Amino acid sequence: MNGFIQPQIQTGGGTNGKGEPIPSALSWGEKIECKYFVNTLNNRGRYEDGKFTQSAYVITVDDMDFKAKFVRLLDSRENVVCEKEVQGYPEVLEDIQRVKITI
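Converting from the sequence shown to this note's numbering requires adding 28 to each position, the first position being numbered 1.
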């Protein structure tokens, strides 16, 4: 399926001159066109947001430098499919010049 992926970006944070923590802000980066498919969808998993569902998606993007720890996946109509942590490291697929991301 065609869609979009957005990396979550963390800005700010750290400590000030007195050693007090400065809160960081989270925002979503630019939408990047992607292709994705459902890897698994079943009733084995954990309880999240009122539903007991485990889902995993495999996503590929053209951006060979894509790096993110947490992403938002959108369908072709820009409806949110899910917001999940990236599992492991993005895999570079040199032969087809795409990056494979599993969430």
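The beta-carbon is built from N, C-alpha and C at its ideal position, and this holds for glycine as well.
Small disclaimer: the values here were computed from a predicted structure and weren't measured.
- According to the DSSP assignment, Thr130 belongs to the beta strand (DSSP E) that extends over 126-130.
- Excluding the 5 residues flanking it on each side, Glu106 has same chain C-beta neighbours closer than 7 Å at Phe32, in chain order.
- The Cβ atoms of Val89 and Ile129 sit closer than 9 Å to each other.
- Contact between Tyr64 and Leu101 holds, with the beta-carbon distance rounding to 6 Å and staying under 8 Å.
- For Met29, same chain residues with a beta-carbon under 8 Å away, outside a window of 5 residues either side, are Lys63, Tyr64, Phe65, Asp103, Ser104 in chain order.
- Residue environment: Val108 is assigned as exposed (fewer than 16 neighbouring CB atoms within 10 Å of its CB, all protein chains considered).
- Scanning its chain for C-beta atoms nearer than 8 Å, with the 5 sequence neighbours on each side dropped, one finds around Trp56 the residues Gln34, Pro35, Gln36, Ile37, Arg100, in chain order.
- In the three-state DSSP reduction, Glu58 falls in the coil class, being neither helix nor strand.
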